[in-house]
Amino acid sequence: MASGNDGNRVLAFLFGTRWWMLWHAFITLLLVPFVAVAVWLIDFRPGLGLQGGDVMAGLLLFFVLGEAPATLVHAMLFAWTLPDREPGQLLKFVAMWAVAFAVFTAVLWSMVEIAAQSAVGSAARIVWMALAIALVAALHGAGLLVLHRFRRWHAAGGVL
Numbered sequence: 043m044a045s046g047n048d049g050n051r052v053l054a055f056l057f058g059t060r061w062w063m064l065w066h067a068f069i070t071l072l073l074v075p076f077v078a079v080a081v082w083l084i085d086f087r088p089g090l091g092l093q094g095g096d097v098m099a100g101l102l103l104f105f106v107l108g109e110a111p112a113t114l115v116h117a118m119l120f121a122w123t124l125p126d127r128e129p130g131q132l133l134k135f136v137a138m139w140a141v142a143f144a145v146f147t148a149v150l151w152s153m154v155e156i157a158a159q160s161a162v163g164s165a166a167r168i169v170w171m172a173l174a175i176a177l178v179a180a181l182h183g184a185g186l187l188v189l190h191r192f193r194r195w196h197a198a199g200g201v202l
């Protein structure tokens, strides 16, 4: 049986608590350009001339450039919560983040590109759009998990 506290935990996980709410609002607002691209892909018709493709490519780039520092912060927070931190551990996490984020960017860009080249309403477009949305949702969810872990670690006095 769920208690009333469970609802509070879910809200804290999704929206943060106290000052963390500002960071949660920021990372949620970062999703707006990607949502605009996803909505644009619903009606985009390849080969019919100007339909705002350059603007959407710019929005996708804006999304990626916004997510870069946010995910770097999340990687650093995660590294900070690990037991037995070594001096070079944060640098290792930065290097791993750089590779992982480059792969994320290339895969997302390719998914959106393939979806845009597929016929409207086709199974290919729906699948590639769904995969791109799932990829972005996974990135956002991972960020929320890291923030939750860091808040829990901080509240416990630096011990998990």
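Under my numbering, residues 43 to 202 are what the sequence shown spells out, in order. Using N, Cα and C, we set each Cβ at its ideal position, and we do this for glycine too. A quick note: this is a predicted structure, and the numbers were derived from the prediction, not measured.
Local conformation of residue i per DSSP, three classes
{"i": "Ala80", "result": "helix"}
{"i": "Leu177", "result": "helix"}
{"i": "Glu109", "result": "helix"}
{"i": "Trp170", "result": "helix"}
{"i": "Asp85", "result": "helix"}
{"i": "Gly163", "result": "coil"}
{"i": "Glu128", "result": "coil"}
{"i": "Trp62", "result": "helix"}
{"i": "Ala117", "result": "helix"}
For residue j and residue i, the rounded distance between their alpha carbons
{"i": "Leu177", "j": "Arg127", "result": "30 Å"}
{"i": "Arg87", "j": "Ala174", "result": "18 Å"}
{"i": "Ala78", "j": "Met98", "result": "8 Å"}
{"i": "Leu187", "j": "Trp139", "result": "16 Å"}
{"i": "Trp195", "j": "Ala142", "result": "24 Å"}
{"i": "Gly199", "j": "Val115", "result": "20 Å"}
{"i": "Leu189", "j": "Thr70", "result": "13 Å"}
Residue i versus the options, residue with shortest Cα-Cα distance
{"i": "Val74", "options": "Leu101, Gly95, Trp61 and Ile84", "result": "Leu101"}
{"i": "Gly95", "options": "Met63, Arg60, Leu107 and Ala80", "result": "Ala80"}
{"i": "Ala150", "options": "Val141, Trp170 and Ala140", "result": "In the sequence as displayed, the identity of residue 150 is Leu instead of Ala. Nearest option by C-alpha distance: Trp170."}
{"i": "Phe211", "options": "Gly108, Ser164 and Ala161", "result": "Summary: the structure shown does not reach residue 211, with the chain confined to residues 43 through 202, and so no result is reported for it."}
{"i": "Trp62", "options": "Gly185, Arg167 and Ala144", "result": "Gly185"}
Beta carbon of residue i nearer than 7 Å to that of residue j
{"i": "Leu103", "j": "Ala157", "result": "no"}
{"i": "Thr123", "j": "Arg191", "result": "yes"}
{"i": "Ala121", "j": "Leu132", "result": "yes"}
{"i": "Ala117", "j": "Phe135", "result": "yes"}
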